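K.L.:
Okay, handing you the structure first.
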Amino acid sequence: MTVRDIMDSRLREHLEWALGLPLDSFPPAGTRIRVSPNRTDAPRQRLCIHRLPGRDAALASGIRRVVDRLAPILEQMQPAEVFSPYGIAEIRRALGADDAGSLLAEPGLDYAITDRGAFRPATGAHEVVQLTARDIPATRKHFGLKMSDGDASPPEGVAWAFVSRERGEPASIAVIRWYEHALASISIAGTKEAYRGRGHGRAVVSAATDYILRQGRVATYGTVQSNVAAVRMIRPLGYRLAYETIYA
-6 MTVRDIMDSR LREHLEWALG LPLDSFPPAG TRIRVSPNRT DAPRQRLCIH RLPGRDAALA
54 SGIRRVVDRL APILEQMQPA EVFSPYGIAE IRRALGADDA GSLLAEPGLD YAITDRGAFR
114 PATGAHEVVQ LTARDIPATR KHFGLKMSDG DASPPEGVAW AFVSRERGEP ASIAVIRWYE
174 HALASISIAG TKEAYRGRGH GRAVVSAATD YILRQGRVAT YGTVQSNVAA VRMIRPLGYR
234 LAYETIYA
């Protein structure tokens, strides 16, 4: 069974766009690296590596210089090695000083909900509302109008989405970024220290997830391996690991 057979078509299109390669390029097993027209000579754009859960295979795409440097080591590693501290260290060493500066310190984890039937909304009694333009700090006005102000949130736009309040004070804010391929990603813009551990983060992510799924889109949430708190927050909502990533 191929990757195309097991992955939601919207996730598949997004992943092919990110890699700049068809998913048929994934090896049956092991690690493969290829030059991609979608990679550019800019920080976090020179290299992209993806590993899919449940498959012992990883696919990397990069610019020619990076591929030439990394191919001798990556294609000798198992995917689990690539996505380990050892793998990150070897990638950093092979990239050299000029390119290693943009390598993320650890792999990313991208979670997704593709089916509304898998969504488990948060059940806490939190006061969660959509944000309006007046809620945006002056330093963030470039984010534009919010959904509740009638902004259509075009593809690749950013919209502040929901806020959870406690005693009238904003406790946590979720942001939605809209992508092509019917995807939207959620992130937490911040949870005030005094309100941590009270479920506000999960409440705003739940509200944003519900909104995205009602638009017929896939809801995604990205974090990193060491952020256990984020994974604990989203998994009860129904999020499951879609793929792991390394960027440089």
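Sequential numbering from -6 applies to the sequence shown in this note's numbering. Glycine residues also receive a C-beta, built at the ideal position from the N, C-alpha and C atoms. Nothing here was measured: the structure is a model prediction, and the numbers come from that model.
From what residue to what residue does the beta strand (DSSP E) around Ile239 run?
P.N.:
Locating residue 239 in the sequence shown gives position 246, counting from the first residue. Here the beta strand (DSSP E) through Ile239 covers Arg233 to Tyr240.
K.L.:
Could you tell me which of Leu8, Arg58 and Asp103 sits nearest to Ile227, measuring between CA atoms?
P.N.:
Sequence index remark: in the sequence shown, residue 227 carries index 234 (1-based). If we check each option's Cα against that of Ile227, Asp103 comes out closest.
K.L.:
I believe Thr213 touches Leu176 by the beta-carbon criterion, under 8 angstroms. Please report the beta-carbon distance rounded to the nearest angstrom.
P.N.:
As a first step, residue 213 is located in the sequence shown; it is residue number 220 there, counting from the start. As a first step, residue 176 is located in the sequence shown; it is residue number 183 there, counting from the start. So it is a contact: roughly 6 angstroms between Cβ atoms.
K.L.:
For Ser219, which residues from the same chain have a beta carbon less than 8 angstroms from its beta carbon, with the 5 sequence-adjacent residues on both sides left out?
P.N.:
Here residue 219 corresponds to residue number 226 of the sequence shown, with the count starting at 1. Taken in chain order, the residues that qualify are Glu99.
K.L.:
Can you tell me whether DSSP reads Ser95 as helix, strand or coil?
P.N.:
The residue given as residue 95 occupies position 102 in the sequence shown. Residue state, collapsed to three classes: coil.
K.L.:
Pull up the CB-CB distance for Leu97 and Leu88, whole angstroms please, since I reckon it's below 8 angstroms.
P.N.:
Looking up residue 97 in the sequence shown gives position 104. Looking up residue 88 in the sequence shown gives position 95. Not really, about 12 angstroms apart at Cβ, beyond 8 angstroms.
K.L.:
Just to check my reading of the structure: Ile84 and Leu63 have Cβ atoms closer than 8 angstroms, yes? What is that Cβ distance to the nearest angstrom?
P.N.:
Here residue 84 refers to the residue found at position 91 of the sequence shown. Here residue 63 refers to the residue found at position 70 of the sequence shown. Yes, Ile84 and Leu63 are in contact; Cβ-Cβ is about 7 angstroms, under 8 angstroms.
K.L.:
Take the Cβ of Arg233 as the centre, count every other Cβ of all protein chains shown within 10 Å, and call the residue buried at 16 or more, exposed below.
P.N.:
By 1-based counting over the sequence shown, the position of residue 233 is 240. Classification for Arg233: exposed.
K.L.:
Just list the residues that DSSP pairs Ala177 with in beta bridges.
P.N.:
As a first step, residue 177 is located in the sequence shown; it is residue number 184 there, counting from the start. Answer by DSSP bridge pairing, in chain order: Trp171 and Ala212.
K.L.:
For the candidate residues Pro114, Tyr240 and Gln208, whose alpha-carbon lies nearest to that of Gly192?
P.N.:
Sequence index remark: in the sequence shown, residue 192 carries index 199 (1-based). It is Pro114 whose Cα lies nearest to the Cα of Gly192.
K.L.:
Report buried or exposed for Ile239, applying the criterion of at least 16 other Cβ atoms within 10 angstroms of its Cβ.
P.N.:
Here residue 239 refers to the residue found at position 246 when the sequence shown is read from its first residue. By the neighbour-count rule (16 or more Cβ atoms within 10 Å), Ile239 is buried.
K.L.:
Could you check if Arg189 is buried or exposed, using at least 16 other CB atoms within 10 Å of its CB as the buried criterion?
P.N.:
By one-based count along the sequence shown, residue 189 stands at place 196. Label assigned to Arg189: exposed.
K.L.:
Roughly how many angstroms lie between the CA atoms of Ser2 and Glu173, to the nearest whole one?
P.N.:
Along the sequence shown, one-based indexing puts residue 2 at 9. Along the sequence shown, one-based indexing puts residue 173 at 180. Roughly 13 angstroms between the two C-alpha positions.
K.L.:
Which whole-angstrom value is the C-beta distance of Val168 and Ser180, which I expect to be below 8 angstroms?
P.N.:
Position 175 of the sequence shown, counting from 1, holds the residue named residue 168. Position 187 of the sequence shown, counting from 1, holds the residue named residue 180. Yes, they are in contact, since the Cβ atoms of Val168 and Ser180 sit about 5 angstroms apart, within 8 angstroms.
K.L.:
If you follow the alpha helix (DSSP H) that Ala35 is part of, which residue opens it and which one closes it?
P.N.:
Within the sequence shown, the letter at position 42 stands for residue 35. Note, Ala35: premise wrong, no alpha helix (DSSP H); not H, not E.
K.L.:
Can the beta-carbon of Val252 be found less than 8 angstroms from the beta-carbon of Leu4?
P.N.:
The chain is shown from -6 up to 241; residue 252 falls before or after that span and cannot be answered.
K.L.:
Can you round the beta-carbon distance between Ile106 and Gly231 to whole angstroms, since I take them to be within the 8 angstroms contact cut?
P.N.:
Numbered from its first residue, the sequence shown carries residue 106 at position 113. Numbered from its first residue, the sequence shown carries residue 231 at position 238. About 5 angstroms separates the two Cβ atoms, so the contact holds.
K.L.:
Excluding the 5 residues flanking Ala223 on each side, which residues of the same chain have their C-beta closer than 7 angstroms to its C-beta?
P.N.:
Taking the first residue of the sequence shown as 1, we reach residue 223 at position 230. The answer, listed in chain order, is Thr216.
K.L.:
With respect to the alpha helix (DSSP H) encompassing Tyr204, which residues constitute its N-terminal and C-terminal limits?
P.N.:
By one-based count along the sequence shown, residue 204 stands at place 211. Element bounds for Tyr204: His193 to Arg207.
K.L.:
Just to confirm, are Arg37 and Ala241 a CB contact at a threshold of 8 angstroms?
P.N.:
By one-based count along the sequence shown, residue 37 stands at place 44. By one-based count along the sequence shown, residue 241 stands at place 248. Cβ distance < 8 angstroms, so Arg37 and Ala241 count as in contact.
K.L.:
Please state whether the Cβ-Cβ distance between Phe76 and Leu206 is less than 8 angstroms.
P.N.:
Here the question's residue 76 lines up with position 83 in the sequence shown. Here the question's residue 206 lines up with position 213 in the sequence shown. Going by C-beta atoms, Phe76 is not nearer than 8 angstroms to Leu206.
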